[in-house]
Amino acid sequence: MDYIVHILILVAIYSLLVVSLDLALGHTGLVSVAHAAFYGLGAYTSSLLAVRFGVTFGVGILAGMLVAALASFLLSMPSLRLHEDYFMIASFGFQMIVFNIFNNWTELTHGPLGIPGIPPPRILGWKIDSPLEFLLFACFFASLAYFLIIRLTKSPFGRVLHAIREDEIFAQALGKNTLRFKMIAFAISAALAALAGSVYAYYVSFIDPTSFTIMESILIMSMVIIGGAGGPWGPLIGAAMLVMLPEELRFMGFSSSIAANLRQILYGSLLVIMVIFRPRGMAGRFGFGR
Amino acid sequence: MKNFRCNGLTKSFGGVHVLTDMSVEFPTSGIVALVGPNGAGKTTLLNILTGFLRADAGRVFLGNRDLIGLSPYRISRLGIARTFQDIRLITAISVIENVLLSRPNQTREHLLSALFYFGVPAEEVQNHETALKFLRAVGLEEHSGILAGELSYGQQKLLTLACCMATEAHILLLDEPMAGVHPKAALQIQNLLRGLRNEGKLVIFIEHDLAVVRQVAEYLFVMDAGRIIAGGRPTEVLERPEVTEVYFG
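In the order they appear, the protein sequences are chains A and B. Position 60 (the first sequence) corresponds to 41 in this note's numbering; numbering is contiguous. In this note's numbering, each number is its position in the second sequence, counted from 1, plus 2.
Written out as structure tokens, the structure is:
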């Protein structure tokens, strides 16, 4: 039972990550491979505040989101003026820099040793430490993010994001400050990824840099593409598929090292198949087969 | 109304001079045609006037305001809207959403209003009515709910015009609005241009069909090799030998 709940918690955390990336990638057309960096910034900020200063989880989560949003401006302000391919390259560089900070700034992050002993969150004296309680905790934040994104994307604000995705020049000709819209969408996307990072850190109570590599960014991007970008159910389907499918490998008798490699092959193959045969993913509104 | 003009515009691509020290002053309202052979620099001029291209030298003024260096969205917000030679629309959203997108100063285009304004603001109800009015004007009201990508080429051209009008701009720059459309749709566009003129707007359009220019335009500028070679009333200008030389050799 605990194993199933654990998987469901991971689905909820990844749903939050996927829905946040979907705002940038699916709705606005910003191809970023730095999502794991923002996920890590949230996890490290809230963990360090909790472990070193005993800061409560609410403040820790908000601080993580703020740090990620500010970091997103550092990336987006210079690079979103450029062509979208250059933005992707800049996001790759950003991901590598942030990972190296996690890995090498040992005085702050303990480097590869990670940060152990992250205390479970408390709400008005209620300590959240059982798997079922964590499931509710993670689902609450995932639902909140879903609500936020749906509200944004169904509004005139979201209509401008869709216009930027389809034809930025047309949006500019209509008087839309597309750079501002892109920076805001990217900052919200980063802040929600940081929220997922904080929830993850409180859940596992130990974090290290290996959870925030570029492979993680690619996994999250694969979830968006396979689930389907821009649609309400796409993120949930993508997260559930890519969290649950590899779990099957555990029951097929493969050793953990082989299973890990098979997982990468599975993600890669699914991605290629979807882009070729179903560019809108399982339940997407926008395609990637341009 | 503010006076729209440019002085000494120069633009080269590599070694090719597309605009050479070009100056022109447009009337404050009316229909102005911009004609000239391919490569004369008409679209380049439109791109510079709307901020999509930077001139190598020269200035563009709206009243006393210098527009050089302003981004396209700022120029659009000053009341200068445009269409493009290639159709530019958001094909994945509905026809009416394209027009709604074009409406200026929308409250819920701001992040906090989008998140925390519950219900539909009166402004959006009004914008919906206005969008339908523009669609009616271009004959697309009954198609308002379908995806813009499902319209025919001619209908898409009409929709771009509706979007341009929906910005409430005073100056409309239209790059070949009648190219490739059915003669019936072209007539409809001509009537729309006259309607805009009657509202006191300035419409500047690029056109190759001189018969259309004679019928619709009140002023005509002829361009060749990056310069204005003639300007004035179409009937007079089209009789000038330098213009017939450019067109008929």
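Even for Gly, the Cβ is constructed at its ideal location relative to N, Cα and C.
CB of residue i within 9 Å of CB of residue j, strictly
i         : j           : result
Gly178(A) : Gly45(A)    : yes
Glu178(B) : Gln87(B)    : yes
Arg105(B) : Glu170(B)   : yes
Tyr221(B) : Phe28(B)    : yes
Leu175(B) : Arg84(B)    : yes
Leu30(A)  : Gly23(A)    : no
Ser14(B)  : Arg199(B)   : no
Leu173(A) : Ala126(A)   : yes
Lys157(A) : Tyr75(B)    : yes
Leu36(B)  : Phe223(B)   : yes
Val214(B) : Met180(B)   : yes
Pro112(A) : Val(-14)(A) : yes
Ile82(A)  : Ile188(A)   : no
Thr46(B)  : Gly228(B)   : yes
Ala154(A) : Arg90(B)    : yes
Gly81(B)  : Asp226(B)   : no
Rounded distance between the beta-carbons of residue j and residue i, thought under 8 Å
i         : j           : result
Leu116(A) : Leu(-11)(A) : 6 Å
Phe75(A)  : Leu61(A)    : Actually they are not in contact, since the Cβ atoms of Phe75(A) and Leu61(A) sit about 12 Å apart, beyond 8 Å.
Leu195(B) : Val205(B)   : 5 Å
Phe118(A) : Val180(A)   : 7 Å
Phe68(A)  : Ala171(A)   : Going by Cβ atoms, the distance from Phe68(A) to Ala171(A) rounds to 14 Å, so no, they are not a contact pair.
Val32(A)  : Gly98(A)    : 6 Å
Own chain residues within Cβ distance below 6 Å of residue i, not counting five before or after
i         : result
Gly41(B)  : none
Val253(A) : none
Arg271(A) : Interpretation of Arg271(A) is limited by its pLDDT of 46, a score under 50 that renders its predicted location unreliable; no figure is taken from the coordinates.
Leu251(A) : Ile207
Ala219(B) : Ile33, Ala35 and Pro236
Val183(B) : Gly156 and Lys159
Pro102(A) : Phe38, Ile109 and Tyr183
Cys120(A) : Ala(-7)
Spatial neighbours of residue i in its chain, beta-carbon cut-off 7 Å, leaving aside the 5 residues before and after
i         : result
Ile169(A) : Leu4
Asn9(B)   : Ser25, Gly60 and Arg61
Ala94(B)  : Leu149 and Gly151
Asp2(B)   : In this structure chain B extends from 3 to 251, so residue 2(B) is not present and cannot be described.
Val185(A) : none
Ile145(A) : Thr9, Gly10, Ala152, Thr159, Phe162 and Lys163
Met255(A) : Ile206, Ile207 and Gly262
Ser28(A)  : Ile96, Ile99, Ala182 and Ile188
Cutoff 8 Å; reference residue i; Cβ partners in own chain excluding five residues on either side
i           : result
Phe73(A)    : Val14, Ala15 and Ile195
Asp(-17)(A) : Pro112
Met3(B)     : Thr30, Ser31, His172, Gly202 and Leu204
Sufficient close CB pairs (3 or more, under 8 Å) joining the stretch 37 to 57 of chain B to the stretch 140 to 154 of chain B: no
What residues in the stretch -5 to 18 of chain A have a beta carbon less than 9 Å from any beta carbon of chain B? none
Sufficient close CB pairs (3 or more, under 8 Å) joining the stretch 211 to 228 of chain A to the stretch -7 to 4 of chain A: yes
Do the stretch 233 to 243 of chain A and the stretch 6 to 21 of chain B touch if we need at least three Cβ pairs shorter than 8 Å? no
Pairing CB atoms from the stretch 68 to 78 of chain B with CB atoms from the stretch 96 to 103 of chain B, are three or more of them under 8 Å? no
Check whether the stretch 11 to 20 of chain A and the stretch 155 to 168 of chain A are in contact - that is, three or more C-beta pairs closer than 8 Å. yes
With three or more C-beta pairs closer than 8 Å as the rule, is the stretch 184 to 202 of chain A touching the stretch 103 to 119 of chain B? no
Contacting positions in the stretch 201 to 212 of chain B - beta carbon closer than 9 Å to chain A: none
Near-chain B residues of the stretch 125 to 140 of chain A (beta-carbon distance less than 8 Å), N- to C-terminal order: Leu129, Arg132, Leu133, Ser136, Pro137, Phe138, Gly139 and Arg140
Tell me which residues of the stretch 86 to 101 of chain B have at least one Cβ-Cβ distance to chain A shorter than 8 Å, keeping chain order. Phe86, Arg90, Leu91, Ile92, Thr93, Ala94, Ile95 and Glu99
Give me the subset of the stretch 115 to 137 of chain B whose CB atoms are less than 7 Å from a CB atom of chain A, sorted by chain position. Ala116 and Leu117
Under 8 Å (Cβ pairs) to chain A, residues found in the stretch 162 to 175 of chain B: Cys165 and Thr169
Interface residues of the stretch 65 to 79 of chain B facing chain A [CB-CB below 9 Å]: Ser73, Pro74, Tyr75, Arg76, Ile77, Ser78 and Arg79
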